[in-house]
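Protein chains in written order, with the UniProt record's numbering: chain A, 1 to 614; chain B, 1 to 614.
Here the structure comes first, spelled out in structure tokens, and everything after it is commentary.
There are 2 protein chains.
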Amino acid sequence: MDERDYRFLCDLAAQLRVDSVRASAAADSGHPTSSMSAAELMAVLLARHLRLDPRDPANPANDHLIFSKGHASPLLYSMVKAAGVVTDDELLTFRRHGSRLEGHPTPRLPFVDVATGSLGFGLPVGVGLALTGRKLDRLPYHVWVLCGDSELAEGSIWEAFEHAGHEGLTNLTVIVDVNRLGQRGPTRHGWDLSAYARRISAFGWHTIEIDGHDPGEIDYALADARGARRRPTAVLARTSKGYGVSEVEDREGKHGKPIKDPEQAIIELGGPRDLTVDVRPPTGPRDPYDFVATGTLDLPAYEMGEKVATRQAFGEALAALGAACGDVVALDGEVADSTKLDAFAKAHPERFFECYIAEQQMVAAAIGMQARGWRPYAATFAAFLTRAYDFVRMAAISRADLCLVGSHAGVSIGEDGPSQMGLEDLAAFRAVHGSTVLYPCDANQTARLVADMAGLGGIRYLRTTRGGTPVVYGADERFPIGGSKVLRTGGQATIVAAGITVHEALAAADDLLDEDGIAVTVIDAYSVKPIDVERLRIAAADTGGIVTVEDHWPEGGLGDAVLAALATSPVPVVKLAVSALPGSATPQEQLEDAGIDRHAIRLAVQDLVKRATG
Amino acid sequence: MDERDYRFLCDLAAQLRVDSVRASAAADSGHPTSSMSAAELMAVLLARHLRLDPRDPANPANDHLIFSKGHASPLLYSMVKAAGVVTDDELLTFRRHGSRLEGHPTPRLPFVDVATGSLGFGLPVGVGLALTGRKLDRLPYHVWVLCGDSELAEGSIWEAFEHAGHEGLTNLTVIVDVNRLGQRGPTRHGWDLSAYARRISAFGWHTIEIDGHDPGEIDYALADARGARRRPTAVLARTSKGYGVSEVEDREGKHGKPIKDPEQAIIELGGPRDLTVDVRPPTGPRDPYDFVATGTLDLPAYEMGEKVATRQAFGEALAALGAACGDVVALDGEVADSTKLDAFAKAHPERFFECYIAEQQMVAAAIGMQARGWRPYAATFAAFLTRAYDFVRMAAISRADLCLVGSHAGVSIGEDGPSQMGLEDLAAFRAVHGSTVLYPCDANQTARLVADMAGLGGIRYLRTTRGGTPVVYGADERFPIGGSKVLRTGGQATIVAAGITVHEALAAADDLLDEDGIAVTVIDAYSVKPIDVERLRIAAADTGGIVTVEDHWPEGGLGDAVLAALATSPVPVVKLAVSALPGSATPQEQLEDAGIDRHAIRLAVQDLVKRATG
């Protein structure tokens with residue numbers, strides 16, 4: 001780097017600071033001080049190390065940059081302005097109604113792969129992208145992640161360090177902006193860069209400690225990082241929050257607020273500039289790797305009446321889908337023998353990713369993969385997906401296309417007890433923006449839904465059951481998303497069930513007909529969201545009363561979905577769900593105890609019919 | 001340790017193994033192999049280092065033992081049998097219906113502080129207990145945690161290592177049973193103890209690497225750990241899964257299954273034994289520290305009409321509650337200036353715990369504190385509590401008494417955008433077993449609910465709002481849990497709102513009366529769970545139709561709670577909620593965009609009334 005380069009970088013950094021101050025001043029909110037600490041870091045990256053084509057966001061060979069400290073969005077937007085992607089006018093729409101320059105970055109803006117703003121999320125996704133570059137795309141792009149020091153307190157960050165270190169992702173660099181100050185006050189480790197270096201290097205990373213305001217040191221570190229062999233690199237940069245503006249520099253209580261006197265600040269920063277950066281496009285290969293696939297889906301077929309666990313069908317169907325489609329990949333939380341993802345692992349080892357017991361990292365890696373167009377399925381116990389709930393929430397805000405599969409749902413798992421029972425997953429996934437929630441009751445239905453969910457957008461959740469359930473549908477049956485199936489027809493009441501409770505509902509319907517002379521309709525609501533509003537309204541009108549039954553807490557699940565579907569044209573609904581905290585017991589005892597077995601359903605229908613006729 | 005002691009410990013370990021095999025064989029399920037690897041570790045701990053009174057589980061001076069690897073429950077139950085807490089007959093009820101020896105431990109059994117079984121949960125709670133011993137109880141008890149090696153992949157574990165290392169919790173020892181095999185296969189690091197030692201010691205811990213089947217080495221390590229100065233200790237023990245039984249020892253595919261030939265296994269292990277251990281009770285002080293408190297609650301009072309943020313009232317009320325009650329403590333996720341927990345921090349610094357940006361550890365520390373009888377309030381943004389959702393789930397299974405407060409709920413936060421908006425929290429918390437969900441609309445209501453929630457059991461969640469809202473209740477008003485308030489009375493429709501939307505509903509009601517001549521009832525459903533079923537049914541009967549309005553996704557929140565309350569005696573309900581993904585905008589623009597402002601409510605009521613009369 002010569003003198004001129006050095007001066008340009010200093011000027012560019014000053015411009016990024018000025019623009020961060022201006023954008024936040026225009027918005028009268030935002031995080032200028034958190035942007036200013038990292039201005040040199042990002043100036044050097046943008047001008048000298050990032051390889052992406054500003055005119056072609058879809059170029060598969062582009063580098064990726066993730067602002068894990070998403071609140072430093074003014075800095076990011078100032079960078080994309082300097083790169084010519086947005087105008088200065090647009091920069092000043094920051095945080096305004098309708099602007100794609102949101103308070104925290106989202107993929108509405110080109111080159112933003114994921115929404116950030118929930119700290120500890122960006123780096124795990126970056127690991128997923130780097131893994132994608134290495135093992136799926138097989139392209140030499142580099143993944144750069146800007147982290148704050150505060151967010152290193154998040155456990156998810158250490159799942160990411162472990163994952164990347166173990167995989168030896170040399171194509172990943174994290175730049176930590178160690179500005180010493182969190183939101184409320186000083187961080188745990190302040191400017192003790194070596195405290196971070198000890199921790200991160202123990203996880204198998206190469207670490208470099210630098211002065212984060214010296215373009216020369218930064219340039220050396222980033223070149224070193226790009227050329228790293230064997231290990232990912234963490235650049236630990238000592239910086240000052242609010243650097244360059246005396247009103248705020250290195251002061252507490254200045255987080256997340258615009259500068260009080262922006263004009264004075266801009267003067268201190270040397271005034272506005274209008275530099276542009278010609279970001280260098282990638283050279284070398286640009287076609288992602290293509291896995292061999294048949295193109296023809298040959299789903300497993302199960303015999304009617306046979307007892308098969310839906311988790312088993314999930315694994316076998318996903319393996320078949322993987323054979324047909326080379327872009328389908330799978331991620332495991334070290335329970336593939338239980339979720340039955342093992343069938344995919346065996347068939348397609350190159351597209352199977354073991355994430356060990358780190359559910360957040362598993363979901364984040366999947367998000368990284370879908371950002372590059374792969375179609376990931378991530379699976380663990382339904383109960384343990386709650387560990388990644390924030391990441392699922394952020395995936396939805398990221399407009400991610402993601403399939404998640406939770407096994408061992410409900411009390412029907414039996415003896416293992418409540419810690420292993422997914423009993424809140426339907427509520428949690430229904431309350432994810434734009435989600436689809438599926439809950440099949442038999443093996444053929446599962447296989448078909450596993451295949452069909454690949455074609456949907458957004459967050460898709462499939463819930464599977466541990467024990468075997470009888471196959472009630474033929475292998476050729478279709479199950480539209482948003483649809484349902486009528487398994488019995490009768491005029492006196494309707495039972496709405498899904499998954500394991502479909503079989504209890506069928507048994508109850510038979511008992512009701514045989515023993516009580518009561519004919520009921522049984523609806524299999526395999527599509528919990530969107531639910532089959534049309535069919536439910538017809539059944540409600542025809543039968544006048546509904547019993548819902550679900551292996552889930554009473555709140556937010558199937559029963560609430562049915563109530564919501566009928567909200568404006570209601571009929572009496574009796575909701576059967578798990579209300580007492582279960583212990584250990586056999587699956588059948590659990591269903592009985594919870595009051596969601598055939599007998600409980602029968603009683604509820606008897607009662608409903610009695611009240612209707614009484 | 002002399003020859004006899006050594007032999008006794010070997011015999012005791014063999015007994016623990018045999019009993020683990022017997023219990024799992026009787027249950028025909030469970031995790032004997034994961035129990036067998038840690039038998040010597042737990043034998044030495046039980047016989048020589050644990051200080052607790054087996055006849056007095058309530059003794060505040062007792063040591064604590066947490067099985068973070070909860071699936072090794074057969075080992076735990078074999079230990080309590082050896083200590084005389086349960087009989088051999090009860091041991092063989094393992095995993096049976098009604099037995100307190102559940103598949104994974106729960107506090108139904110004495111000396112079990114928390115439910116475990118979701119890996120990565122026990123150690124974080126242990127850190128909370130050790131912190132309690134040091135800073136709250138101020139008693140010299142020791143906290144012992146048994147971890148598996150697989151679960152060290154969980155980020156929550158590293159939040160815990162960081163927290164304990166930073167606090168220098170010498171009263172905490174984690175024993176890691178490095179048996180090399182996870183559920184599905186080998187762990188990342190196998191028997192590389194130094195890989196773990198490097199990582200853990202980088203987080204400020206003392207580490208000791210030992211042969212986990214040698215009672216002498218174990219004894220030395222545990223004595224060293226108990227006597228540690230300055231730092232917590234991690235004992236890294238190399239063990240074999242299924243140790244001592246050739247059918248399973250160190251073999252893959254043997255996780256979570258009973259031994260096929262238990263009789264042969266018992267013979268290999270030297271046959272059944274009937275040793276008992278006189279666990280030594282604690283000596284020294286047994287009275288927990290008592291913080292000075294007034295005993296008189298002097299809640300802040302706000303003027304009617306004044307605009308105050310409910311988060312502000314939360315902070316001030318909690319500070320007042322802390323002054324009255326010495327057992328109230330508070331935990332922060334490094335956002336106390338935003339949640340307004342700072343008011344408590346200022347007033348009661350000794351009872352305030354900064355957990356930095358580590359929401360799982362924050363919740364876990366609170367769980368540890370309540371296990372010793374303290375009353376914790378933990379607060380962060382509602383959105384970021386989703387990061388700890390699994391821990392909240394496990395807290396409920398642990399029968400924990402816990403207050404959680406989520407600020408910045410809903411789109412009404414404005415410019416920061418969706419990553420910061422809690423929009424799924426009502427759904428998530430409603431679907432927690434035994435939870436209470438509160439959502440106040442003004443400062444006086446908030447203050448009263450903050451105080452009243454202290455007296456409840458289980459998981460209590462309070463949702464607060466970022467912006468100021470007018471005070472609509474007098475300071476003397478009472479707000480029973482499960483109650484509601486009628487703020488307007490009119491016969492043509494009912495609007496049910498909570499929190500921020502109460503004010504929109506009131507404005508809509510005024511507009512409807514003034515402009516349209518439509519008189520509506522407005523219900524403030526501040527208690528979202530339990531909801532005021534009685535009042536809702538009366539209003540439904542009186543007005544014939546309901547509009548619900550909430551700053552939350554449509555699923556699982558207030559609207560669904562109202563629908564569930566009216567399920568068996570329904571009226572038409574129109575649910576207004578946030579359905580499109582928000583961007584940045586002002587609070588008022590956000591409410592408008594989401595269709596939950598006064599105008600949208602007015603339109604919905606007009607439409608409802610038109611349909612009813614049309």
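Idealized CB from N, CA, C, for every residue including glycine.
By the three-class DSSP mapping on this structure, what secondary structure does residue 251 of chain B have?
coil
Give the secondary structure of residue 376 of chain B by DSSP, where H, G and I count as helix, E and B as strand, and everything else as coil.
strand
Specify, as a first and last residue, the run of the alpha helix (DSSP H) that residue 346 of chain B falls within.
342–347
Three-state secondary structure (DSSP) at residue 207 of chain B?
strand
Burial state of residue 377 of chain A (16 or more Cβ within 10 Å)
buried
Rounded C-alpha distance that separates residue 435 of chain A from residue 423 of chain B
14 Å
For residue 553 of chain A, which residues in chain B fall below 7 Å Cβ to Cβ?
431, 433
With a Cβ-Cβ cutoff of 8 Å, do residue 359 of chain B and residue 333 of chain B count as a contact?
yes
Helix, strand or coil, according to DSSP, for residue 438 of chain B in the structure here?
strand
At what residues does the alpha helix (DSSP H) containing residue 217 of chain A begin and finish?
215–226
Residue 365 of chain B versus residue 116 of chain B: straight-line alpha-carbon distance, rounded:
15 Å
Contacts that residue 418 of chain B makes with chain A (C-beta to C-beta distance below 7 Å):
397
Can you give the Cα-Cα distance for residue 91 of chain B and residue 78 of chain B, rounded to whole angstroms?
7 Å
Is the CB-CB distance between residue 57 of chain B and residue 258 of chain B below 8 Å?
no
Should residue 289 of chain B be labelled buried (16 or more other beta-carbon atoms within 10 Å of its own) or exposed?
exposed
Among residues of its own chain, excluding the 5 on either side of residue 112 of chain B, which ones have a beta-carbon nearer than 6 Å to its beta-carbon?
105
Chain-ordered chain A contacts of residue 348 of chain B [CB-CB under 8 Å]:
Simply none; closest approach about 16 Å.
Considering just the uninterrupted stretch of the alpha helix (DSSP H) at residue 24 of chain B, what are its terminal residues?
3–27
Here's the rule I'm using: 16 or more other beta-carbon atoms within 10 Å means buried, otherwise exposed. How should residue 464 of chain B be labelled?
buried
Provide the residue(s) that pair with residue 488 of chain A in DSSP beta bridges, ordered along the chain.
A:522
Can you name the residues that DSSP bridges to residue 461 of chain A?
A:404, A:437
From this set, B:341, B:211, B:493, which residue's C-alpha is nearest residue 603 of chain B's C-alpha?
B:493
Report back the beta-carbon spacing between residue 390 of chain B and residue 384 of chain A to the nearest angstrom; my notes put them in contact at under 8 Å.
7 Å
Measuring only the C-alpha atoms, how far is residue 549 of chain A from residue 35 of chain A?
52 Å
Checking the sheet assignment: what are the DSSP bridge partners for residue 234 of chain B?
B:174, B:207
With DSSP as the reference, label residue 298 of chain B as helix, strand or coil.
coil
Own chain partners of residue 286 of chain B with C-beta closer than 8 Å, once the 5 adjacent residues on each side are dropped:
59, 60, 61, 139
Should the segment 218–237 of chain A be called in touch with the segment 170–179 of chain A, which here means at least 3 C-beta pairs below 8 Å?
yes
Any C-beta of chain B sitting closer than 8 Å to the C-beta of residue 389 of chain A?
yes
Where does residue 387 of chain B land, buried or exposed, given buried means 16+ other C-beta within 10 angstroms?
buried
Integer-rounded CB distance, given that residue 232 of chain B should sit under 8 Å from residue 169 of chain B
5 Å
Compute the Euclidean distance between the alpha carbons of residue 84 of chain A and residue 45 of chain A, then round it to the nearest angstrom.
16 Å
Return the bridge partner residues of residue 51 of chain B from the DSSP annotation.
B:280
Short check: CB of residue 400 of chain A to CB of residue 420 of chain A, under 8 Å?
no
Can you say whether residue 406 of chain A is buried or exposed, counting buried as having 16 or more other CB atoms within 10 angstroms of its CB?
buried
Reduced DSSP secondary structure (H/G/I, E/B, other) of residue 352 of chain B:
strand
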